[in-house]
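Colleague:
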Amino acid sequence: MIKKTFFPFLCLFLMLIACGESDEDNVEFQTITIDKKVVLSNEEQSPTCTVHLQLEEATKANGHRGEVINAAVMKRLLDEDEETMELAADAFAYKYVSSYKKTMLPLYNEDRADTTKRSWYEYHYVITSSTQKGSKGTLVYLATIDYYEGGAHGINQLITMNFEAKTGRQLTLDDIFVPGYEQHLKEVLLDALKAKTGCKTMRALRDKGYLYSMEMFPSENFILGNETITFVYNPYEIAPYAVGSTELIIPFGDVKDLLKNSFEY
């Protein structure tokens, strides 16, 4: 089932008008919704696979910059390259449920007699998304992905993308920070993690599950704000699943020596 809801992003529009920003900083979005469900077998109580995708799509009114934003979103979230978000989402959902049935049915047939294993085959894949104003002249695209593909637990992730509103170009850390920023920023992030967790040493961090087999790193999964940049670490990136996700909020003032002159906030 496909639904399309026009959402003119009025809140952002009003905020920008109130701040005296130009129309080129406004990006209009509409919501695309895709739902698919398949049963795995011909049993009455067959396991199922459900896909629910709720994606924000830049409208045609935005012109080329909207196309640039949509292309980046489709590639990052769906690994699809289609003319519209609707086509990309539908293609993704179809491939997902088709792969589920083809791959899992032979395995389920072996386990069919054991009803305790039925829940292992109850798959789902859900994406919900939203947009918000970022730092000066930017917008942030946020997507929450929740899926279960067997095993002990599902996975929940927050995926972020930051765009230059005027052009639709996706921004990376290299667009914000001067060359050679990595080591200094890593130290700032490590200090922020210690402060957030109440740990004073690396040993204390590792005792809580953080950075046990990896080093701190500046994540490209970040959110630009008016006065801060938030680095998002999903489960398993700097800590095990049980710890959950970690967000480190860094004021721009704390890294002002690392910011490019061209970056404004």
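My numbering numbers the first residue of the sequence shown as 1 and each following residue consecutively. We treat Cβ as the ideally placed atom computed from N, Cα and C, and that holds for glycine.
Between which residues of its own chain and Gly209 is the CB-CB distance below 8 Å, once the five residues before and five after are set aside?
Modeller: Start at 1 with the first residue of the sequence shown, and residue 209 comes out as number 209. For Gly209, where only same-chain residues beyond five positions count, the Cβ hits under 8 Å are Ala239, Pro240, Ala242 and Val243.
Colleague: Go ahead and label Ala88 buried or exposed: buried means 16 or more other beta carbons lie within 10 angstroms of its beta carbon, across all protein chains shown.
Modeller: Reading the sequence shown from its first residue, position 88 is the one you call residue 88. Ala88 is buried by the Cβ-count criterion.
Colleague: Give the range of the alpha helix (DSSP H) segment to which Gln183 is assigned.
Modeller: Against the sequence shown, residue 183 aligns to sequence position 183. Unbroken alpha helix (DSSP H) run through Gln183: Glu182 to Thr197.
Colleague: Specify, as a first and last residue, the run of the beta strand (DSSP E) that Glu247 falls within.
Modeller: One-based indexing of the sequence shown puts residue 247 at position 247. Looking at the DSSP string, the run of the beta strand (DSSP E) that includes Glu247 is Thr246 to Pro251.
Colleague: Roughly how many angstroms separate the alpha carbons of Pro218 and Arg203, rounded to a whole number?
Modeller: Against the sequence shown, residue 218 aligns to sequence position 218. Against the sequence shown, residue 203 aligns to sequence position 203. If I take the Cα positions, the gap works out to 20 Å.
Colleague: Taking the alpha carbon of Asp175 as the point to measure from, which residue in Lys196, Leu205, Tyr108 and Asn261 has its own alpha carbon closest?
Modeller: The sequence position of residue 175 within the sequence shown is 175, counting from 1. It is Asn261.
Colleague: According to DSSP, is His64 part of a helix, a strand, or is it coil?
Modeller: Locating residue 64 in the sequence shown gives position 64, counting from the first residue. Of the three classes helix, strand and coil, the one that applies to His64 here is helix, per DSSP.
Colleague: Below 7 Å CB to CB, which residues in the same chain sit around Ile270 once its five sequence neighbours on both sides are set aside?
Modeller: Limits of the chain in this structure are 1 at one end and 265 at the other, which puts residue 270 out of reach.
Colleague: On the DSSP letters alone, give me the boundaries of the alpha helix (DSSP H) that Lys95 sits inside.
Modeller: By 1-based counting over the sequence shown, the position of residue 95 is 95. Counting along the chain, the alpha helix (DSSP H) containing Lys95 begins and ends at Met85 to Asp111.
Colleague: Where does Glu86 land, buried or exposed, given buried means 16+ other C-beta within 10 angstroms?
Modeller: Residue numbering aside, residue 86 sits at position 86 when the sequence shown is read from its first letter. Classification for Glu86: buried.
Colleague: Any chance the region 188-198 sits against the region 154-172, with 3 or more Cβ pairs inside 8 Å?
Modeller: no
Colleague: DSSP state of Thr59, grouped into three classes?
Modeller: The residue labelled residue 59 in the question sits at position 59 within the sequence shown. Note: Thr59 maps to coil in three-state DSSP.
Colleague: Would you mind working out which of Val27, Ala91, Met161 and Phe231 sits nearest His52, comparing C-alpha positions?
Modeller: If you number the sequence shown from 1, residue 52 lands on position 52. Checking every option, the nearest Cα to that of His52 belongs to Ala91.
Colleague: Mind reading off the beta-carbon distance from Val73 to Tyr141? Whole number of angstroms is fine, and I expect it under 8 Å.
Modeller: In the sequence shown, residue 73 corresponds to position 73, counting from 1. In the sequence shown, residue 141 corresponds to position 141, counting from 1. Rounded, the Cβ-Cβ distance is 6 Å, consistent with contact.
Colleague: Less than 7 Å between C-beta atoms, sequence neighbours within five positions excluded: which residues of the same chain meet that for Thr59?
Modeller: On the sequence shown, position 59 is the one that residue 59 refers to. Correct list, in chain order: Glu28, Phe29, Gln30 and Gly66.
Colleague: Could you tell me the alpha carbon to alpha carbon distance between Tyr96 and Glu247, rounded to whole angstroms?
Modeller: Taking the first residue of the sequence shown as position 1, residue 96 is located at position 96. Taking the first residue of the sequence shown as position 1, residue 247 is located at position 247. In a straight line, the C-alpha of Tyr96 is about 30 Å away from that of Glu247.
Colleague: What residues in its chain sit with their C-beta under 7 Å from that of His184, if we drop five residues either side in the sequence?
Modeller: To locate residue 184, count along the sequence shown from 1; it is residue 184. Hits under 7 Å: Leu258.
Colleague: Would you mind sorting Met214 into buried or exposed? The rule is 16 or more other CB atoms within 10 Å of its CB.
Modeller: Looking up residue 214 in the sequence shown gives position 214. Exposed, by the Cβ-count rule.
Colleague: Could you please give the first and the last residue of the uninterrupted alpha helix (DSSP H) stretch that includes Leu205?
Modeller: Locating residue 205 in the sequence shown gives position 205, where the first residue counts as 1. Its alpha helix (DSSP H) spans residues Met202 to Asp207.
Colleague: Answer with buried or exposed for Pro47, where buried requires no fewer than 16 other C-beta atoms within 10 angstroms of its C-beta.
Modeller: Taking the sequence shown and counting its residues from 1, the one referred to as residue 47 is at position 47. Pro47 comes out buried.
Colleague: Between the C-alpha atoms of Phe231 and Gly225, what's the straight-line distance to the nearest angstrom?
Modeller: Here the question's residue 231 lines up with position 231 in the sequence shown. Here the question's residue 225 lines up with position 225 in the sequence shown. So the two alpha carbons sit approximately 11 Å from each other.
Colleague: Within a Cβ cutoff of 6 Å, which residues of the same chain sit near Ile229, ignoring the five residues on either side of it in sequence?
Modeller: To locate residue 229, count along the sequence shown from 1; it is residue 229. Only Phe222 and Ile250 meet the Cβ criterion.
Colleague: Who does Leu224 pair with in a DSSP beta bridge?
Modeller: The residue labelled residue 224 in the question sits at position 224 within the sequence shown. Answer by DSSP bridge pairing, in chain order: Ile229.
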